[in-house]
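Following the working numbering, the numbering of the sequence shown begins with 151 at its first residue and continues without gaps.
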Amino acid sequence: MPNDVRSELEELIKERDVLETEAAVIKDFLTSPGPGGAAPPGLGGVPLVDAEGFPRADIDVWDVRVKRNRLACIDTDHAELMKRIEELVQRLHQEAKTSAGVRGMSNNRSTSSSTGRDIGAPPHTHTEDSQAQTVSKPTACMDVENRSMEEGGGPSRQQPFAVIDQVFRASPAEEAGLENGDLLVSLGTVNAQNHNNFAAVVALVQENEGRVVRVEVQRPREGLAGGPSSAPRKETVVMSLIPHAWSGRGLLGCHLTAMSS
Numbered sequence: 151m152p153n154d155v156r157s158e159l160e161e162l163i164k165e166r167d168v169l170e171t172e173a174a175v176i177k178d179f180l181t182s183p184g185p186g187g188a189a190p191p192g193l194g195g196v197p198l199v200d201a202e203g204f205p206r207a208d209i210d211v212w213d214v215r216v217k218r219n220r221l222a223c224i225d226t227d228h229a230e231l232m233k234r235i236e237e238l239v240q241r242l243h244q245e246a247k248t249s250a251g252v253r254g255m256s257n258n259r260s261t262s263s264s265t266g267r268d269i270g271a272p273p274h275t276h277t278e279d280s281q282a283q284t285v286s287k288p289t290a291c292m293d294v295e296n297r298s299m300e301e302g303g304g305p306s307r308q309q310p311f312a313v314i315d316q317v318f319r320a321s322p323a324e325e326a327g328l329e330n331g332d333l334l335v336s337l338g339t340v341n342a343q344n345h346n347n348f349a350a351v352v353a354l355v356q357e358n359e360g361r362v363v364r365v366e367v368q369r370p371r372e373g374l375a376g377g378p379s380s381a382p383r384k385e386t387v388v389m390s391l392i393p394h395a396w397s398g399r400g401l402l403g404c405h406l407t408a409m410s411s
């Protein structure tokens, strides 16, 4: 059942994105000046006739009316889609919460890290670690432990930049399939080259609440490629994550520790 809900949710989100793209194109047309610097047609409420009551000669009146009407239809469809998306997100959350069990959720809500910090969460009452970085931008919804990268050459986009060392039960991170020990390679457009001490993670999560975000991780696996002395192999895993409110803090429900290069 959760997979059916997630599939429907992803389809609706794709439809929403298509509508938003079309609306943006129409709005750009209606708000852009015409040839020779003529006044733009406007989104609505702007007369399509001149001072004498004749159709404006500097615009295609029929085309403008069609586009305005289409924009109104998009707004209606978009509102309905957003309502359904919100319902499915809540349903997915409830199903995950039920499967995880009340006890697991209660433990997760009270769990905290002595070295990490909830980005965007209310400040802890105890003294913060002197090296913890306070991030004022709200609702990134991850615990983060900041650890400076060593001096040297810049990282590649495919280089992991964080260890996911705790995934809370019944959280969006668990729903997506993230596991303890996963090495985060990318979250949407954020990677080792541009995460900016997780500030970019904060912004991306905040801007994509309720949207599908592509996540790529390297997952260590037992079973050695070259004998007992070889390092454990890693496989690349790509999944879809939907940041949303849950029973714990924030929108994701996992703890990140920065990796040194």
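Positions of the beta carbon are idealized from the N, C-alpha and C atoms, including for glycine.
Counting of Cβ neighbours within 10 angstroms places Phe318 among the buried residues, the total reaching 16 or more.
Restricting attention to beta strand (DSSP E) runs no shorter than 3 residues, the region 178-207 encloses none. Taken through DSSP and simplified to helix, strand or coil, His405 comes out as strand.
In the structure shown, the three-state DSSP call for Asp210 is coil. With a contact defined as Cβ atoms closer than 8 Å, Pro310 and Gly403 miss out at about 20 Å.
As a beta-bridge residue in DSSP terms, Ser390 pairs with Arg364.
In the pairwise beta carbon analysis, the region 199-212 is classified as not touching the region 229-239: fewer than three pairs are separated by under 8 Å. Comparing C-alpha distances from Gly195 to each of Met409, Asp167, Ala312, Leu180 shows the shortest one belongs to Leu180. Arg369 is the residue among Arg369, Asn341, Ala326, Arg307 whose C-alpha sits nearest the C-alpha of Asp332. Met409 and Leu334 have their alpha carbons spaced roughly 10 Å apart. In this structure, Val352 sits away from Ala326, with a CB-CB distance that is not shorter than 8 Å.
For the pair Leu231 and Glu165, the CB atoms are nearer than the 8 Å cut-off. One Cα belongs to Leu169, the other to Arg383, and the distance between them is close to 43 Å. Leu328 is positioned such that its CB atom lies no closer than 8 Å to that of Val340. Pairing Phe348 with Arg220, the inter-Cα distance amounts to about 40 Å.
DSSP places Leu354 inside the alpha helix (DSSP H), whose first and last residues are 349-357.
A straight line joining the alpha-carbon of Val313 with that of Thr226 spans about 42 Å.
In this model, Ala188 and Gln308 are separated by some 49 Å (Cα to Cα). Apart from sequence neighbours up to five positions away, the residues of its chain that approach His345 with a beta-carbon distance below 7 Å are Phe311, Val351, ordered along the chain.
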